[in-house]
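Student: Just dropping this structure here.
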Ligand SMILES: NC(=O)c1ccc[n+]([C@@H]2O[C@H](COP(=O)([O-])OP(=O)(O)OC[C@H]3O[C@@H](n4cnc5c(N)ncnc54)[C@H](OP(=O)(O)O)[C@@H]3O)[C@@H](O)[C@H]2O)c1
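In our numbering, the protein residues as written are 6 to 282.
Here it is as structure tokens:
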């Protein structure tokens, strides 16, 4: 299958990471569009693309446009862009959000006669060039009609990723799952670092030590299901230790409550120990 030329609107975290990865995989990045002219120009220069100040022009010049803007901007931007399209009928536009379906692009589909879809990288991309390292191995959720579905499937494979079908999936639940997996462990780590510092560790030892601990847990999860990978007092049934933790947390009732909730859910991972307790 011939590789489509690509445009990216929104040279932020996800747009830049995918743009760099696609460029490295042999795709022509025809155009970069967006809001901040410096950000647009910088990524365009790096990827040998045209810098477009008007998002609609960006769509005109590429076979496939990735709309890499914040979730709440997708529909208003699609609505604005449809007024200024020149020669894009038959081109394709996809957004990268896992929380919105294709209807966020309906002005482009209905009034602009574009093919539209969802291409959600189930991945976390930081700011900066290092983010591209997370692309290989990513699972890509796809919702689109043919032939766009096949094209997006091929793009995911060319990125050395794993395409999967998002059609009919409850996106609010699916995206909540992604947030639980990638965002809240970081929130919990931030709480853990603050607690360790409060306990008396110096700040850098707390950050490095606990981040290494989290990396060890993620490493265990690579080939074990959560119920086999998890360790600690709630799974072992060390209720005395849990009591001491709760007592130590009594100065922050919200955190104490959060600890209790997590301990209760952790016990459920091992129903045998739960029954014996
Ligand atoms: N980052 C991730 O880990 C990740 C993972 C999977 C999916 N996604 C999805 O990818 C999309 C982008 O997320 P992100 O994290 O990459 O966001 P981000 O880093 O904030 O980047 C958003 C980009 O959109 C541009 N933008 C914002 N408002 C705009 C507007 N009104 N018109 C034109 N451009 C506008 C920003 O412009 P400036 O250059 O001026 O800031 C920036 O380049 C979202 O749908 C998100 O759900 C993100």
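Heads up, the beta-carbon is just placed ideally off N, CA and C, and yes, glycines get one too.
1) Please tell me whether, using a cut-off of 7 Å, the distance from the CB of residue 235 to the nearest non-hydrogen atom of ligand 1 is below it.
2) Starting from the N-terminal side, write out each stretch of the alpha helix (DSSP H) that is 4 residues or longer and does not extend beyond the region 132-188.
3) Can you tell me which residues form a DSSP beta bridge with residue 120?
4) In terms of alpha-carbon separation, which member of 180, 196, 84 and 241 lies closest to residue 269?
5) Taking C-alpha atoms, which residue in 144, 38, 196 and 11 lies nearest to residue 261?
6) Residue 279 to residue 230, Cα distance in whole Å?
7) For residue 8, which of 141, 26, 19 and 33 has the nearest alpha-carbon?
8) If you check the beta carbons only, do residue 67 and residue 11 fall under 8 Å apart?
9) Roughly how many whole angstroms lie between the Cα atoms of residue 282 and residue 97?
10) If you measure from the CB of residue 44, is any heavy atom of ligand 1 nearer than 7 Å?
11) According to DSSP, is residue 104 helix, strand or coil?
12) Less than 7 Å between the CB of residue 168 and some heavy atom of ligand 1, yes or no?
Tutor: So, to answer that:
1) no
2) 153-163 and 176-187
3) 97
4) 241
5) Nearest of 144, 38, 196 and 11 to residue 261, Cα basis: 196.
6) Note that residue 279 has pLDDT 49, beneath the 50 cutoff, so the model's placement of it is unreliable and no number is given.
7) 33
8) yes
9) Note that residue 282 has pLDDT 45, beneath the 50 cutoff, so the model's placement of it is unreliable and the number below is only indicative. Cα-Cα distance, rounded: 57 Å.
10) yes
11) coil
12) no
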